[in-house]
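Remarks on the structure that follows.
Number of protein chains: 2
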Amino acid sequence: MGEHGSGRWQRRKAARPDEIRDAALALFVEKGFAATRMDEVARRAGVSKGTVYLYFENKEALLRSVVEELVEPALAQAEAQVAGHHGSARDLIRALISQWWAMVGHGRLSGLPKLMVAEAGNFPELARYFSEKVVKRARRLFQRTLELGIAQGEFRPLDAAAAARLAMAPLVYASIWRHSLACCGDEDFDPERFIQAHLDVFLSGIDAAGACE
Amino acid sequence: MGEHGSGRWQRRKAARPDEIRDAALALFVEKGFAATRMDEVARRAGVSKGTVYLYFENKEALLRSVVEELVEPALAQAEAQVAGHHGSARDLIRALISQWWAMVGHGRLSGLPKLMVAEAGNFPELARYFSEKVVKRARRLFQRTLELGIAQGEFRPLDAAAAARLAMAPLVYASIWRHSLACCGDEDFDPERFIQAHLDVFLSGIDAAGACE
DNA sequence: CCTCAATAACTGACTGGTCAGTTATTTTTT
DNA sequence: AAAAAATAACTGACCAGTCAGTTATTGAGG
């Protein structure tokens with residue numbers, strides 16, 4: 099392709115796949131994979147249906163691409179941020195949760211958890227990929243931090259694996275909720291307040307001082 | 099039902115709608131509404147497709163019926179059980195969570211949260227019904243209990259509305275998980291242990307003193 | 001600078017299969 | 001035998017995926 103250039107079409111061409119992915123993600127999240135028509139994806143991306151098939155094999159390949167392309171950079175960034183963090187385990191938990199919420203709660207990935215949950219049954223391979231390479235990887239960050247905190251005496255001794263899931267559950271819940279019932283029904287759901295309350299209760303709950311049992 | 103005699107077919111006939119609902123629920127949860135074929139629902143219920151249309155207007159009416167018929171009795175029972183409960187707020191929270199998990203974690207309703215989350219976008223009216231008449235109603239049970247506990251000095255002062263959501267989030271998360279990623283990927287998810295850990299951390303987290311029990 | 005041909009990007013009408021819903025027919029019950 | 005229940009064959013709308021044709025872009029020759 100042209101190295102130099104009269105850019106209008108060149109630039110658009112390079113951006114196409116991403117534009118199509120964004121359109122597809124939005125619709126897959128909103129209506130589900132099966133109920134989304136390729137015509138619609140195309141229209142939303144500002145192209146014709148034929149063009150979508152220039153960049154993606156078929157509908158399923160488009161779904162795969164949406165999940166894989168969007169997830170990788172976000173996760174890498176999160177891991178880097180954690181690796182470079184210094185401070186108490188408690189602060190790191192706070193940072194992880196804020197980070198996660200900034201990324202998945204608002205960004206383009208916001209709808210991914212709902213999409214994956216809804217389609218896991220129909221695309222087991224993709225679900226496996228997501229579970230192994232995304233969820234587990236993210237959970238490990240929490241689990242390690244919790245183990246660190248226990249070792250340092252900040253947190254009381256507890257099942258770190260279960261607690262890591264506990265730390266994430268309200269986050270996942272919140273982002274799924276935002277894209278389902280919150281849209282049509284549960285309008286008085288305030289994610290920010292909810293996440294704050296979670297941080298508050300969770301950190302109190304695992305604190306070494308308040309140990310029960 | 100049959101006042102006299104050959105009861106076998108009578109009974110079957112009376113049970114049909116429920117059998118069809120169960121079949122439909124299982125498939126809707128597993129594959130999603132759009133990807134489920136009416137032929138399949140019928141086959142699973144042990145009847146032909148035409149029969150399904152003897153009992154339900156159309157596919158959407160079947161979905162509505164699945165949600166509404168299954169939910170009402172369970173919710174009523176839960177409220178009754180709570181109304182008759184005496185003891186500390188802490189015990190009541192424990193009872194509510196166990197109750198919820200016994201009902202939604204294992205029973206026939208097990209898949210409902212996933213189904214509603216996945217289809218809320220395509221059926222806003224149904225989502226609204228579910229949100230108002232089911233979720234809010236269930237949440238009120240938790241919220242009242244928390245307010246009671248705060249008033250009695252068992253729990254520290256906190257945002258009861260947010261805390262009620264926090265109490266439920268891991269439960270919802272767990273039952274959604276069981277029907278999505280846990281099926282194909284995250285096999286080492288142990289719901290019982292997870293719920294136990296939740297009870298433990300949550301109750302410590304909202305405890306007034308820091309000394310539980 | 002202005003053709004004009006070659007190529008890259010894109011389009012939308014068309015096809016073949018699928019599936020929700022209907023209807024004519026058969027089976028079961030009374 | 002009549003009525004009720006159930007079936008299986010049928011219909012028509014819909015949609016993923018294709019492909020023959022159109023439009024934009026580049027580049028060479030005049």
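Heads up: the sequence lines are chains P and H, in that order.
If you want the working numbering, it's the 1-based position in the first sequence plus 98.
If you want the working numbering, it's the 1-based position in the second sequence plus 98.
Even glycine gets a Cβ: it sits at the ideal position worked out from N, Cα and C.
- Within the region 278-305 of chain P, there are no complete beta strand (DSSP E) runs of at least 3 residues.
- Residue H:Q241 holds the alpha-carbon nearest to the alpha-carbon of H:L190 among H:E170, H:Q241, H:N220, H:G283.
- For H:E128, the nearest CB of chain P lies under 7 Å from its own CB, placing it at the interface with that chain.
- In the structure shown, the three-state DSSP call for H:F221 is coil.
- The alpha carbon of P:Q179 has as its nearest neighbour, out of P:Q197, P:E167, P:E166, the alpha carbon of P:Q197.
- The beta-carbon of P:S302 is placed less than 7 Å from the nearest beta-carbon of chain H.
- Not a single C-beta of chain P is nearer than 7 Å to the C-beta of H:F240.
- Taking a C-beta distance under 7 Å as the contact criterion, P:S273 and P:G203 qualify as a contact pair.
- With three or more CB-CB distances shorter than 8 Å, the region 157-174 of chain H counts as touching the region 111-123 of chain H.
- Residue contact with chain P for H:H204: absent (no Cβ-Cβ distance below 7 Å to any residue of chain P).
- Your pair H:R114 and H:Y153 checks out as a contact, with CB atoms roughly 6 Å apart and the cut at 8 Å.
- For P:K147, the enclosing alpha helix (DSSP H) stretches over residues 147-153.
- Counting only residues of its own chain and dropping the five nearest sequence neighbours on each side, H:R206 has a CB closer than 8 Å to the CB of D120, L123, L168.
- Sequence-distant Cβ neighbours of H:D116 in its own chain, meaning closer than 7 Å and more than five residues away, do not exist here.
- For P:V165, the enclosing alpha helix (DSSP H) covers residues 157-181.
- Collapsing the DSSP output to three states places P:F131 in coil.
- Chain-ordered listing is empty here: chain P has no CB closer than 8 Å to the CB of H:I118, the nearest sitting near 20 Å.
- Beta-bridge analysis with DSSP links H:F253 to H:D305.
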